[in-house]
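A quick write-up on the structure given underneath.
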Amino acid sequence: MILVRQEIGDVLRDLRQQKGQTLRQVASRASVALGYLSEVERGQKEASSEILAAVAEALDVPISVVMREVGDRIAVLEGLTTFETVSSFPDTVPDELVAAVEPELSLH
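Taking our numbering, the leading residue of the sequence shown gets 947, the next gets one more, and so forth.
This is the structure we're talking about:
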């Protein structure tokens, strides 16, 4: 089963790390408790739209980018993305996730 909260957490963590920011820095800028943000990143807590917007703003990333990345990852997991429909996977989709679904995609 695909957990949307897990994909949201993975995207937020990846974006934070790409920007070289610590969890503490982002939590402070977003006015979110450090422990709560950590749980969101680990997919243990569901974040409200207000929290997601605050974290995206703290990362200086439009919320639409966050949600697009989440959608792209879910599409890969669902096997809805094929090599014929996209030229490549987004940079934020981890290599191990792409490698896990590539054999299935080639069968479609």
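For glycine and all other residues, C-beta sits at the position ideal for the given N, C-alpha and C.
Boundaries of the alpha helix (DSSP H) around Met-1013: 1009-1024. In the structure shown, the three-state DSSP call for Arg-988 is coil.
Between Val-972 and Val-1012, the C-beta gap is not smaller than 8 Å, which leaves the two residues out of contact. Ranked by how close their Cα comes to the Cα of Arg-975, the residues Ser-995, Ala-999 and Leu-949 have Ala-999 in first place. Residue burial is scored here from C-beta neighbours: Ala-979 has fewer than 16 other C-beta atoms within 10 angstroms and is therefore classed as exposed. In this structure, Glu-992 sits away from Arg-959, with a CB-CB distance that is not shorter than 8 Å.
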